[in-house]
Amino acid sequence: MSERGPLPHADGASPGAGANPVMGAEPDEHAVGSTEAARSVNAGLRALARAARSFLLYDTGNEAIRAFLDQYRTEMLGAVAAARKGDQGLSLAIRPFEILWQGDVVYLERDRDRSLAFRMFRDGVRRLDIGPEVSWDELLRLLQILSVRFTGVRQQEEDIVTLLWKAGFKQIEIVAVEGFTPEDEPDEVEAGAGSFAGQEGEATDPQAADPQATDPRAARQVGAAGSHIDAPYDFDLPIPPLLDEGRLIPAEVPAAELEALRHEATSRSLPEHCLRLARELVALVADPSDPTTWPEVKPVVEEIRDFLLSEGQLGGLIELLEAMTALRASGQRQVQDVLVGFIDGRALRRILHSIPATATVIPDELVWLVDRLPGDHLGSALEVLSQERAPAARRVARQLIEHLAVANPTAVMARLESDPPEVAADLLRALANALPERALEAVERAVLRGEIELALEALRVLGDHPLHPGVGELLVRLVESPLAEVRLRGLAMLSEWPQEQLFEPLAEVLVRRSHGAMGGEEAAAFGQTLARLSPTQARRQLEEWIRPASWWKRVFAAPVGNRWLQWAAVSGLASLPGEEVEAVIRWLGERAGEELAQHCSRTLARRRRELPHA
Amino acid sequence: MPDSATQKRELLDQAQASLGKALERARAGEDRELSAQVRDHGQQLARLLFGLLRMTRVHAVDNEAFEKPLVELHEAIARLFELLGVVHCIAVEDQVYVNDVRIRFQDRGEGGGELGAELRRLGVGGFSFHAVPPVEQLRLLTRAFAPPPIGVPTRQDLEALLASRGAASIEVHGTFRFRVSGDEAEAQVEQDARVVARRATSVVDETWDSMVGERVPNPLPLRRAVTEILHMGPGLDGLWEDPRGASGFGGHTLRVCRYAIFLAAACGLSEEAIQDLGLAAMLHDIGYAAREGARPASGGDPGAAGYAPPFERHGAAGARLILRQRGFHEAKIRRALAALEHHRDFDDPCGRPSLFARILRIGEDYDNLVRRAGGGLSPAAALGRMVPGAGTRYDPTLLQVMVNTMGRFPPGSLLRLEDGSIARSISTARSPETWARPLARLEQDAAGLRITKNHPILDLAQGPAILGEARAR
Chain A
468 MSERGPLPHA DGASPGAGAN PVMGAEPDEH AVGSTEAARS VNAGLRALAR AARSFLLYDT
528 GNEAIRAFLD QYRTEMLGAV AAARKGDQGL SLAIRPFEIL WQGDVVYLER DRDRSLAFRM
588 FRDGVRRLDI GPEVSWDELL RLLQILSVRF TGVRQQEEDI VTLLWKAGFK QIEIVAVEGF
648 TPEDEPDEVE AGAGSFAGQE GEATDPQAAD PQATDPRAAR QVGAAGSHID APYDFDLPIP
708 PLLDEGRLIP AEVPAAELEA LRHEATSRSL PEHCLRLARE LVALVADPSD PTTWPEVKPV
768 VEEIRDFLLS EGQLGGLIEL LEAMTALRAS GQRQVQDVLV GFIDGRALRR ILHSIPATAT
828 VIPDELVWLV DRLPGDHLGS ALEVLSQERA PAARRVARQL IEHLAVANPT AVMARLESDP
888 PEVAADLLRA LANALPERAL EAVERAVLRG EIELALEALR VLGDHPLHPG VGELLVRLVE
948 SPLAEVRLRG LAMLSEWPQE QLFEPLAEVL VRRSHGAMGG EEAAAFGQTL ARLSPTQARR
1008 QLEEWIRPAS WWKRVFAAPV GNRWLQWAAV SGLASLPGEE VEAVIRWLGE RAGEELAQHC
1068 SRTLARRRRE LPHA
Chain B
567 MPDSATQKRE LLDQAQASLG KALERARAGE DRELSAQVRD HGQQLARLLF GLLRMTRVHA
627 VDNEAFEKPL VELHEAIARL FELLGVVHCI AVEDQVYVND VRIRFQDRGE GGGELGAELR
687 RLGVGGFSFH AVPPVEQLRL LTRAFAPPPI GVPTRQDLEA LLASRGAASI EVHGTFRFRV
747 SGDEAEAQVE QDARVVARRA TSVVDETWDS MVGERVPNPL PLRRAVTEIL HMGPGLDGLW
807 EDPRGASGFG GHTLRVCRYA IFLAAACGLS EEAIQDLGLA AMLHDIGYAA REGARPASGG
867 DPGAAGYAPP FERHGAAGAR LILRQRGFHE AKIRRALAAL EHHRDFDDPC GRPSLFARIL
927 RIGEDYDNLV RRAGGGLSPA AALGRMVPGA GTRYDPTLLQ VMVNTMGRFP PGSLLRLEDG
987 SIARSISTAR SPETWARPLA RLEQDAAGLR ITKNHPILDL AQGPAILGEA RAR
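Chains as they are written, first to last, in this note's numbering: chain A, 468 to 1081; chain B, 567 to 1039.
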């Protein structure tokens, strides 16, 4: 579930020390510690606890997580530095509800569900030593392990102790419960330790009436009486044909060969291993001499498919898909439901999550997949676009919609009217790119909503369709936008493609707007655009706004007429040739108020610079 | 340290992405259903057991009030047995575990710490149920906790009572305490390589039983066993000796595991990879536990037990059994692939086997050539027979590392010494200089007298010289 709630500071800056970076998200733990260093350690541990818990509240991609990580990094490295300054290591004793450092309580939280101390203690961690040279990588891995535990994931494969052991920390040491061991009992000659199977064999207890009583192997045999099956006596036989005996000679192994082996053991080879396993299993299913069945193989194929999806291994996904398709061709019709899962909504979301932040173009493999597999891919892509927030993923989702919209523009058009504005803006662009002939229809629908995001996107789309006859009218409509940026860009675009028939409607817009809030820049842009649209009409109309033709109006209206109309007129007229233009402007300058008079003289000066011939 | 806002942002982006991926992987590896069932049934088992033991204090043991909980306890164990095979219910301090899954209790008084207290009255720490005990056996167990004269005073008496009444499949454990890494008790235990080896083979045997019983594999106990071997050091001398009483299959499995992790460590593989490899080795031959042609009983049909797969199909069968475990995990993929490919040649026309499979192939062939039921060769001869297969059967790099690290006379080699004595090699190569002169345990002195205990240990780098391999009597 995604938490869309409060976000961290927009500038990404670290919030104040010890503060919860997502204010109001949850109460903070106790601030404890009797010395400055101890308080610093306390801040580090609280930041660790908050970061580990944060995955319960937020999607892993949520910006809030980043703020928690930032704080954890700052505070924990600060804690390590504070400990180092006092020549002390950060050796933390873990108790059920508190953590101690140098005998001082540096973490306290009694709520079991929230307590970092409780989680660690319950999972067997008894001491946590963080070395003075600890790196951010190690701190991050520690957080990873604790986060998995906090999110309540129950892993079959590993527990916290094996996870910590596997992490191979250099600067972090953990003392942990590693199992349990029999307590000392004088009458036991030998006690096994650790796991449950620990007390095997050698039953020498004189009081035991029957060796079976203390010998689990015997107990196992008794328990399984009648049904116990041993391994076949001839397992792994016959041995392979013996080769001639060679000489054993030690020889140095080149370091590069060892390095190649080590590389093969890393997770980087995992996708390849997954594919190979899937191919092998599929081949077994197709082999009539092998008892392997599709139902036995299906779960792991699905797991591998999902892994490849989440890793963005689209090439591997296609290889797997081809193997599946071959299996279906060989008569295994049941594979169909697995095929569908290659590119359903969930799969698409995984693919898009794995898109690198720098990706700008939709991967060919994704197009390949949607083109070959059945399903409502457009519906999935629209859903993903409406929920996904990462820019790269949105970009690719939009391109996918572009690809799919050609076949079904109506669905996209409908969403254009109902989706949130930022989503609709993406859809508008997708539609315009996919179906240029319907771009204006899409813009019209978008403009009708009157939202800023859509208006800006509409301008961008219109900019790509300069020669279409309907563009001008839409631009005029956009010039009525409440957002100055939209109006100015709309005017700039209109002036690029002068169409005389737009003069009248644009002039009407200006008259309407001149009665409201307007600035000099906008008024000037209006005037200049009008002059570009139709110099002839402009000369007449603009002069009229400055110096009305009728004597009556001249006497009583001018120069007190509408200030913004006159401002626009000055700018517009100044871009037209002819000496009479200057005379009109000068006439106004002599009669106008201070600001408008200054505009007149500046405009005239500029006109002389830019249009000396005029 | 990031020196600019951009670097810092990138660093945090990477951290966030890596955390997201780790969580996604962890979630992908989860089998919620199985965990929930074990926890639910385990909680029920612990609660019922605690209730019954507590009741022995307030009710006469023949009171009818015992009947219903006894039947419910029987059913709870049966359900867990169906899921897990052998059921271990262990109380450690104030915690209760059922097959390594810690059981949560909502409230005090539900049976958490209290079950431990009840069991400790007889010095008992828990039980392992190797079969589903009939209600009568559970009644016997419960009565034993009643106050004297009906109950018994000690754990040994309880064990004797159960054994004498045909209930030996109920294993009784002494009390436990948590073992913390680095504590003294652990150090003592870890010194005893035999204990570790025995425990490991025991876990292998239990896994075998589980697989035969068509259950889901539980890798955690196997992983712990591997971790213990790794903690001790896979090359530790004591580890080369077979645990007493190990089954042929268990012994072979453990030896292959040791060879594999020893070889991997010599190659410098990461601890994480070695641990995963060790686990793969513990399960490499588990395919023999599959039953081809098995048919469950139904109606009048008694069913059929089926047969172990033949050699050529045991790899694939092993992969199928390993893959019964649900949830995606890198280690699971690697061990399934290793089981599938571990007998394939290095130059297999279908492609080079995975690294784990290539390592296991060397360990597997070496052990099969040495073990008595296999080739019966001496360790040195076995390794010598493998050397010509470098590049065809075996990965040449890995095989050379094996030769370099096992030494001219690998552990177990019987050596004829210059002074007429016979000794058995007990160490791998300790250095390039002593590659052909291992530590050895004197088996027969210069006068021809066989030594049966307190064998002297010889450092053959110091002499006497090795004349060659001796034949085992």
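Ideal placement from N, C-alpha and C gives every residue a C-beta, glycine not left out.
Residue i and residue j closer than 8 Å at C-beta
i	j	result
B:Gly608	B:Val667	yes
A:Arg1006	A:Leu977	no
A:Ala518	A:Tyr525	no
B:Ser694	B:His640	no
B:Arg990	B:Ala946	no
B:Gly941	B:Asn934	yes
B:Leu600	B:Thr708	no
A:Arg896	A:Glu850	no
A:Leu775	A:Leu794	no
B:Gly853	B:Tyr873	no
Sequence-distant residues of its chain with Cβ nearer than 6 Å to residue i (five each side left out)
i	result
B:Ser776	Gly651
A:Gln1004	Phe970
A:Glu918	Pro888
Contacting residues, own chain, Cβ-Cβ under 7 Å from residue i (five flanking each side not counted)
i	result
A:Thr1070	Val1037, Ser1038, Ala1041, Ile1052
A:Gly842	Val807, Ile810, Asp811
B:Val770	Gly816, Thr819, Leu820, Met848
A:Gly500	Arg506, Val508, Asn509, Asp571, Val573
A:Ala951	Glu989
Interface flag, residue i vs chain B, CB-CB below 8 Å
i	result
A:Val767	yes
A:Glu542	no
A:Thr527	yes
A:Ile532	yes
A:Arg743	yes
A:His497	no
A:Asp804	no
A:Glu724	yes
A:Arg562	no
A:Pro758	yes
A:Leu777	Strictly speaking, residue 777 of chain A in this sequence is Ser, with Leu absent from that position. It does; some Cβ of chain B falls within 8 Å.
Classification of residue i by the beta-carbon crowding that lies within 10 angstroms, buried from 16 upward
i	result
B:Ser986	A small correction: the amino acid at residue 986 of chain B is Gly; Ser does not occupy that position in the sequence shown. Answer is exposed; the Cβ neighbour count stays below 16.
B:Ala883	buried
B:Leu1033	exposed
B:Arg645	buried
B:Asn851	With the sequence shown as reference, residue 851 of chain B is identified as Asp, and Asn is not the correct amino acid for it. Buried, since its Cβ has 16 or more Cβ neighbours within 10 Å.
A:His820	buried
A:Arg743	buried
A:Asp701	exposed
A:Leu704	exposed
B:Tyr932	buried
A:Gln674	Because the pLDDT of A:Gln674 is 31, which lies under 50, any placement of that residue in the model is unreliable, and the question is left without a value.
A:Ala722	exposed
Neighbourhood of residue i by C-beta, 8 Å cutoff - its chain only, sequence neighbours within 5 removed
i	result
B:Val969	Leu949, Val953
Residue i at chain A interface by Cβ criterion, 8 Å
i	result
B:Phe912	no
B:Gly586	yes
B:Ser944	no
B:Ile899	yes
B:Ala753	Unreliable placement is indicated for B:Ala753, whose pLDDT of 48 sits below 50; the coordinate value is still reported in the next sentence. For B:Ala753, the answer is no, since every Cβ of chain A falls outside 8 Å of its Cβ.
B:Arg879	yes
Give the list of continuous beta strand (DSSP E) stretches no shorter than 3 residues that lie fully inside the stretch 612-672 of chain B.
653-658, 661-664
Run through the stretch 679-750 of chain B for me and flag every whole beta strand (DSSP E) of 3 or more residues, listed as ranges in chain order.
690-695, 736-740, 742-746
At what residue ranges does the stretch 527-587 of chain A contain a whole run of the alpha helix (DSSP H), taking only runs of 4 or more?
530-552
What ranges does the beta strand (DSSP E) occupy inside the stretch 785-818 of chain A, keeping only unbroken runs of at least 3 residues that lie completely in it?
none
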